[in-house]
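Here our numbering is used: the first residue of the sequence shown is 11, the next is one more, and so on.
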Amino acid sequence: MLASLSRYLPQALGLLRIISGLLFLEHGTQKILSFPQGQAAGMALTFAGPPAYSGFIELIAGALIAIGLWTRPAALLASGTMAVAYFYAHAPKNFFPVNNMGDAAILYCFVFLYLAVAGPGAWSVDRRR
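So this is what it looks like as structure tokens:
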């Protein structure tokens with residue numbers, strides 16, 4: 011029975027892309043547009059350097075990934091950004107990801123790496139028919 015679920019692989023990949031792209035986009039809107047309000051609201055506008063760069067990458071790559079336009083390059087850039095974010099901002103605090111709050115960065119890194127390899131899945135702007 012579970013083997014028959016493999017026919018829904020393009021749709022599952024599309025859902026993974028859309029949801030992870032929207033969540034990533036939300037990090038960018040918080041850092042750049044101060045929405046939604048929270049600890050990182052406006053961070054990219056007040057600090058130069060990595061927070062600003064990551065905010066713009068999250069905003070642009072998140073939107074591209076969510077709609078499925080240039081998914082592979084956007085996901086590869088997002089994956090690398092999250093790897094740098096983990097080692098720059100999280101790893102120096104503590105060795106364990108659950109203690110340094112870097113588990114989301116690691117998860118984003120590998121989800122986006124998978125999307126860069128697997129492609130956009132269903133419901134994407136750049137899906138080949």
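Built from N, CA and C at the ideal position, the CB exists for glycine as well.
| Item | Value |
| --- | --- |
| Excluding the five sequence neighbours on either side, which residues of its own chain have a C-beta within less than 7 angstroms of the C-beta of Pro60, listed in chain order? | Tyr98 |
| If you follow the alpha helix (DSSP H) that Asn147 is part of, which residue opens it and which one closes it? | No answer is possible for residue 147: the residues shown for the chain start at 11 and end at 139. |
| In the DSSP assignment, find the unbroken alpha helix (DSSP H) run with Ser64 in it and report its ends. | 60-77 |
| Go through its chain and collect everything with a Cβ distance to Ala88's Cβ below 8 angstroms, but skip five positions before and after it. | Phe34, Ile67, Glu68, Ala71, Gly72, Ile75, Tyr118, Phe122 |
| Between Ala132, Asn104, Thr91, which lies nearest to Ala115 when the distance is taken from Cα to Cα? | Thr91 |
| Look up Gly112 in the DSSP assignment and say whether it is helix, strand or coil. | coil |
| Measuring only the C-alpha atoms, how far is Gly137 from His100? | A quick correction: the sequence has Arg, not Gly, at residue 137. Cα to Cα, Arg137 sits roughly 35 angstroms from His100. |
| Am I right that Ala51 and Gly65 are in contact with their C-beta atoms under 8 angstroms? What's the rounded C-beta distance? | Not confirmed; about 11 angstroms, so no contact. |
| Using the Cα positions of Gly24 and Trp133, report the straight-line distance between them to the nearest angstrom. | 6 angstroms |
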